[in-house]
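Residue numbers (the working numbering), protein chains in the order written: chain A, 11 to 124; chain B, 9 to 123.
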C-alpha cells in the first residue's frame, strides 16, 4: 500500500516569507503525487501534480514542488507568502495506475502572519 | 463551465436513520469519487464510480453504498447512522481516463451531523 506523511500539522509564516510544506511518500511503484489546497468551507483544489518527466513541477498561485526519489519527498514551496495562501494543504498519492483512488496525508494548516 | 454540485450542503440526522447525498459532476466527466473528511481520520476514500460501475472501493462498512446513473450523477447512501458518521462528505469528478489520474475536481461537500 502507498502512503504519504505530512510533517507539521500547522505551519505559520510571515507575509513575504518562504513557504515550505513537507511531504514524504511511501510507494512500491513509481508514484503519482499531488498537492491539493482546501480553503475554509470549500472543497479541495488541485495545486500541482507529478506523474513522470521533469521533477520540478510548477503549479497555480506561484507554488512548486520537487520530486526527489532518493529522499522519497515531494515538498511544496512558494518563495513569497501572501495572505490569500492561508488554507489547509494536502499531499496525496495515487493508489494505483488508471483509477482515481487517492491516499491523502493528514494535511498542513498554513497560517500567514501579517 | 459549472463545477461539481453536491446536495444538500448541510443536514442533521439522528442515530439509526439513513441519509442519501447527491453529486452532479462536471459535464463530460464520467468518474465520480466519494471521500469522507473528519478531524480525526482526515480524508478517506469511500468509493469510485465510472460509467455506472463501481471501479474501486475503500475500507468502509457495508452501511455505506453508492451508485451512479447514466448521466454520471451519483448518490451515496449511509444506512443505520452512527455518531461517528458525522463528517464532511466530498464528491469529486474527473474524466476517469488513465492520463488524468488524480486530477480530481471537488465539490464543496455535504456536512452531515448525526445526533
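No residue lacks a Cβ here, since even glycine has one placed at the ideal position from N, Cα and C.
Since this is a predicted model, take the numbers as computed values, not measurements.
| query | result |
| --- | --- |
| Chain A within 8 Å of residue 89 of chain B, Cβ atoms only | no |
| Residue 118 of chain A to residue 56 of chain A span [Cα, whole Å] | 15 Å |
| contact_flag[the region 14-26 of chain A, the region 74-81 of chain A] where n(CB pairs < 8 Å) is 3 or more | no |
| Simplified DSSP assignment, three categories, for residue 70 of chain A | helix |
| Chain A contact residues for residue 116 of chain B, given Cβ-Cβ distances below 9 Å | 51, 52 and 53 |
| C-beta neighbour in chain B for residue 1 of chain A, strict 8 Å | Outside the shown range of chain A (11 to 124) lies residue 1 of chain A, about which nothing can therefore be said. |
| Beta-carbon spacing of residue 71 of chain B, residue 82 of chain B below 8 Å | no |
| Short CB-CB distance (under 8 Å) between residue 59 of chain A and chain B | yes |
| Cutoff 8 Å: residue 116 of chain A Cβ touching any chain B Cβ | yes |
| CB contact check: residue 100 of chain A to chain B, cutoff 8 Å | yes |
| Inter-residue Cα distance where the pair is residue 34 of chain A and residue 17 of chain A | 8 Å |
| Alpha-carbon to alpha-carbon, residue 46 of chain A and residue 37 of chain A | 19 Å |
| Per-residue burial, residue 25 of chain B [other beta carbons within 10 Å of its own, 16 or more giving buried] | exposed |
| Status (buried if at least 16 other CB within 10 Å, exposed otherwise) for residue 11 of chain A | exposed |
| Closer than 8 Å to chain A by CB, residue 67 of chain B | no |
| CB contact below 8 Å: residue 31 of chain A versus chain B | no |
| Candidates A:95, A:70, A:85 and A:64: closest to residue 124 of chain A by CA position | A:95 |
| Contact list for residue 102 of chain B against chain A, beta-carbon separation under 7 Å | 110 |
| Residue 41 of chain B at chain A interface by Cβ criterion, 8 Å | yes |
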